[in-house]
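Peer 1: Residues in the sequence shown are numbered consecutively from 8, following the working numbering. All C-beta atoms in this analysis are idealised placements derived from N, C-alpha and C, irrespective of residue type, glycine included. Here's a structure for you.
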Amino acid sequence: MLIGIPPLLGPEFLAVLRAMGHGDEIAIVDGNYPAADHARRLVRADGHGVLAVVEAVLTVMPLDRAVPAALFRASLNNDPRQAADIHRRIDALFARMAPGMTVVPLSGEALYPRIRAAHVIVATSDPALFANVILRKGVIGA
């Protein structure tokens, strides 16, 4: 155990986060997403939901503030105009943990290639549909 590090972030997970550079993206996906097939690097977060994993990551990883958006999420039925309860909960978590930053809901055609290109995919056990999130890593200033 470490002080100030969420226990959900085990050694492999922390190593991947630490290895990411500025501009790299991490995709945190629901239990229905074909993560093993799509991942360049895969971290399993079995037994955890997307919200818990996103919150744990945002406690240790800076977001990219040099771009228009660093927070992305899926949309209900892959339509950015639609949102389910999980999307409202994701948006609320982002508002609390990354105030003032824009959240971009993506269509399926924009989301899925971006997940495949991510530095790492974290596979959760979240049963919610379309509960996929992408975070873009920033820097820690001097």
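#1: I'd like to know whether the C-beta atoms of M68 and L113 end up nearer to each other than 8 Å.
#2: Of the choices P120, I97, G28, whose alpha-carbon is the least far from that of Y40?
#3: So, using beta-carbon positions, are D37 and L142 closer together than 8 Å?
#4: Let me know the secondary structure DSSP gives R78 once reduced to three states.
#5: Hey, would you say H55 sits closer than 8 Å to L15, going by beta carbons?
#6: Among the residues of its own chain, which have a CB less than 8 Å from the CB of A91, if the five just before and after it don't count?
#7: Can you tell me the Cα-Cα spacing of V129 and T109, whole angstroms?
#8: With DSSP as the reference, label A46 as helix, strand or coil.
#9: Using only the alpha-carbon positions, how far apart do T131 and V74 sit?
Peer 2: Let me lay it out:
#1: no
#2: For Y40, the nearest C-alpha among the options comes from P120.
#3: no
#4: At residue 78 the sequence reads Leu, which differs from the Arg that was named. The answer is strand: DSSP assigns L78 an E or B state.
#5: yes
#6: If we look at A91 and ignore the five residues flanking it on each side, its Cβ neighbours are L83, A135, L136, F137.
#7: 22 Å
#8: coil
#9: 27 Å
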